[in-house]
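Undergrad: Position 18 of the sequence shown, counted from 1, bears residue number 18 in the UniProt record's numbering, the numbering being contiguous throughout.
Heads up, the beta-carbon is just placed ideally off N, CA and C, and yes, glycines get one too.
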Amino acid sequence: MSKIKIAISGIGAVGGYYGGLLAAHYQDSEDVDIFFISRGENLKAIKEFGLEIKKSFKKTIAIPTLATDNPAEIGPVDYLLCCTKSYDLEENIRHLKPVISPETVILPLLNGADIAERIEKILPGSRIWKGCVYIGARLVSPGYIEKFTLKDRLFFGLNGKDKEQQLELRNILSSARVLSTNPEDIDLEIWKKFFMISTAATITSYFNEPINSVIENHIDLFITLGYELKDVAEAKGIKLPEDIVFSSIQAQKMMPNGATTSMHSDFKRGGQTEIETLTGYVIREAEALGLDVPTYRFMYNGLTQFPYPQ
Numbered sequence: 001m002s003k004i005k006i007a008i009s010g011i012g013a014v015g016g017y018y019g020g021l022l023a024a025h026y027q028d029s030e031d032v033d034i035f036f037i038s039r040g041e042n043l044k045a046i047k048e049f050g051l052e053i054k055k056s057f058k059k060t061i062a063i064p065t066l067a068t069d070n071p072a073e074i075g076p077v078d079y080l081l082c083c084t085k086s087y088d089l090e091e092n093i094r095h096l097k098p099v100i101s102p103e104t105v106i107l108p109l110l111n112g113a114d115i116a117e118r119i120e121k122i123l124p125g126s127r128i129w130k131g132c133v134y135i136g137a138r139l140v141s142p143g144y145i146e147k148f149t150l151k152d153r154l155f156f157g158l159n160g161k162d163k164e165q166q167l168e169l170r171n172i173l174s175s176a177r178v179l180s181t182n183p184e185d186i187d188l189e190i191w192k193k194f195f196m197i198s199t200a201a202t203i204t205s206y207f208n209e210p211i212n213s214v215i216e217n218h219i220d221l222f223i224t225l226g227y228e229l230k231d232v233a234e235a236k237g238i239k240l241p242e243d244i245v246f247s248s249i250q251a252q253k254m255m256p257n258g259a260t261t262s263m264h265s266d267f268k269r270g271g272q273t274e275i276e277t278l279t280g281y282v283i284r285e286a287e288a289l290g291l292d293v294p295t296y297r298f299m300y301n302g303l304t305q306f307p308y309p310q
């Protein structure tokens, strides 16, 4: 029996944490090979020292089977975990074609409600599962990942399909102490995650304030964004929980003072942001469905027409 090959593309907070746990557990394994696809200083540090993961008081050094910026060095894999930023998705998928065969399962773990559909446009007919994660982690420096939340959750699957192979991947993850779930409705789980990050990313970025400040100063607009997004979801046939507007805000209240969203952080740094994935997507879907989302549109226009001063 040949080894199961798993490649992780994007060794940042998400890919680095989960890929690191897999690589540490399956180092020298006779059954599973773990490959990192990274670049720049991060790749250089991983090649030289391995990938260090810190959670609570425990540190782990992960040594993958191979870390490279050239997917052709890996060849076709059984599972490809895509963990890049959504604005890099299309370019990244094209770069990853050497590791993708007709049998490869592509599992994106990116922010966004339409990630699988975007991959399907580039690779029609490919085996694309859907997934999302809840985790508080960051790439602190090249080759060093820090997880700062106690819990993390990983959901993946393909409604009603590939159940046997989903169990195989879940067992592989479980052996590396990665807790994962194959829900009956993966689309619902993705939208619940999208609901939380879309509203929070939009409002923190627009007001240039951390989460606790927007809850204190702009709660009415936070709620309005939630109801606009809930209307879009329901028009698409997604049955979100009735209380999701307020339960999502309540969950955000658990964040420490000063904490913010990754999109807000990207705006402050002056780099690329996920605004088209997290805010623009809502406006485009609303227009296609004949709905109006004035608060989303107002904040999107402000963020795209009047960028942060640098």
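Residue range of the alpha helix (DSSP H) that residue 232 falls in?
TA: Per DSSP, residue 232 belongs to the alpha helix (DSSP H) from 219 to 235.
Undergrad: Restricting to Cα atoms, I'd like to know which of 209, 238, 135 is closest to residue 266.
TA: Of the candidates 209, 238, 135, the one whose C-alpha sits nearest the C-alpha of residue 266 is 209.
Undergrad: Could you give the distance in angstroms between the alpha-carbon of residue 98 and the alpha-carbon of residue 23?
TA: Rounded to whole angstroms, residue 98 to residue 23 spans 21 Å at the Cα level.
Undergrad: Just to confirm the assignment, what range does the alpha helix (DSSP H) spanning residue 54 have?
TA: Residue 54 -> not in any alpha helix (DSSP H); beta strand (DSSP E) instead, spanning 51 to 55.
Undergrad: Does the region 133 to 152 come close enough to the region 25 to 33 that 3 or more CB-CB pairs lie under 8 Å?
TA: Contact between the region 25 to 33 and the region 133 to 152 is absent, because fewer than three Cβ pairs lie under 8 Å.
Undergrad: Three or more beta-carbon pairs under 8 Å between the region 44 to 51 and the region 81 to 89, yes or no?
TA: No, because fewer than three Cβ pairs between the region 44 to 51 and the region 81 to 89 fall closer than 8 Å, the two stretches do not touch.
Undergrad: With a CB to CB cut of under 7 Å and the five nearest residues on each side skipped, what residues in its chain are close to residue 200?
TA: 211, 252, 261, listed in sequence order.
Undergrad: Compute the beta-carbon to beta-carbon distance between residue 198 and residue 282, rounded to the nearest angstrom, for a pair I have assumed lies under 8 Å.
TA: Correct: roughly 6 Å between the Cβ atoms.
Undergrad: Which whole-angstrom value describes the C-beta separation of residue 279 and residue 299, a residue pair presumed to lie in contact below a C-beta threshold of 8 Å?
TA: Confirmed, Cβ separation roughly 7 Å.
Undergrad: Can you tell me the Cα-Cα spacing of residue 206 and residue 33, whole angstroms?
TA: Rounded to whole angstroms, residue 206 to residue 33 spans 43 Å at the Cα level.
Undergrad: When the cut-off is 9 Å and only beta carbons count, does residue 193 lie next to chain C?
TA: Included in the structure is just one protein chain, with no chain C present.
Undergrad: For residue 222, tell me which candidate among 196, 290, 188 has the shortest Cα-Cα distance.
TA: The shortest C-alpha separation from residue 222 is found at 196.
Undergrad: I need the straight-line Cα distance from residue 239 to residue 57, nearest angstrom please.
TA: Cα to Cα, residue 239 sits roughly 40 Å from residue 57.
Undergrad: Spell out the partners DSSP gives residue 146 in its beta bridges.
TA: According to DSSP, which records beta bridges pairwise, residue 146 is partnered with 54, 138.
Undergrad: Do three or more CB pairs link the region 166 to 177 to the region 225 to 238 at distances below 8 Å?
TA: Cβ pair count under 8 Å is below three, so no.
Undergrad: Have a look at 270, 284, 10 and flag the residue whose alpha-carbon is nearest the alpha-carbon of residue 139.
TA: Of the listed residues, the one whose Cα sits closest to residue 139 is 10.
Undergrad: Let's see if you can read the secondary structure: which residues bound the alpha helix (DSSP H) around residue 79?
TA: Not the alpha helix (DSSP H): residue 79 falls in the beta strand (DSSP E), residues 79 to 82.
Undergrad: With the cut-off set at 9 Å, would you say residue 276 and residue 38 are in Cβ contact?
TA: Going by C-beta atoms, residue 276 is not nearer than 9 Å to residue 38.
Undergrad: From the DSSP output, which residues share a beta bridge with residue 303?
TA: Answer by DSSP bridge pairing: none, since residue 303 is not bridged.
Undergrad: Here's the rule I'm using: 16 or more other beta-carbon atoms within 10 Å means buried, otherwise exposed. How should residue 302 be labelled?
TA: Exposed, since its Cβ has fewer than 16 Cβ neighbours within 10 Å.
Undergrad: Run through DSSP, which three-state label would residue 180 get?
TA: Looking at residue 180 - three-state DSSP - the assignment turns out to be strand.
Undergrad: Look up residue 108 in the DSSP assignment and say whether it is helix, strand or coil.
TA: Residue state, collapsed to three classes: strand.
Undergrad: Sort 65, 114, 74 by Cα distance to residue 191 and report the nearest one.
TA: It is 114.
Undergrad: Assign residue 284 to buried or exposed, taking buried as 16 or more other Cβ atoms, counted over all protein chains shown, within 10 Å of its Cβ.
TA: So residue 284 counts as exposed.
Undergrad: Where do the N-terminal and C-terminal ends of the beta strand (DSSP E) with residue 258 fall, by residue?
TA: Careful: residue 258 lies outside any beta strand (DSSP E) and carries neither H nor E.
Undergrad: Which partner residues of residue 154 appear in the DSSP bridge assignment?
TA: Paired residue(s): 133, 180.
Undergrad: Quick one: grab the DSSP three-state call for residue 88.
TA: Residue 88 falls in the helix class under three-state DSSP.
Undergrad: Taking the beta carbon of residue 158 as the centre, do at least 16 other beta carbons fall within 10 Å, making it buried, or is it exposed?
TA: Its Cβ being crowded by 16 or more others within 10 Å, residue 158 is buried.
Undergrad: Would you identify the three-state DSSP class for residue 5, choosing helix, strand or coil?
TA: Residue 5: strand per DSSP, three-state reduction.
Undergrad: Under three-state DSSP, which class holds residue 31?
TA: Coil, per DSSP.
Undergrad: Span of the beta strand (DSSP E) holding residue 67?
TA: Run containing residue 67: 66 to 68, per the beta strand (DSSP E) assignment.
Undergrad: Check whether the Cβ atoms of residue 180 and residue 156 sit closer than 9 Å, and answer yes or no.
TA: Yes; because the gap between Cβ atoms is below 9 Å, this pair is in contact.
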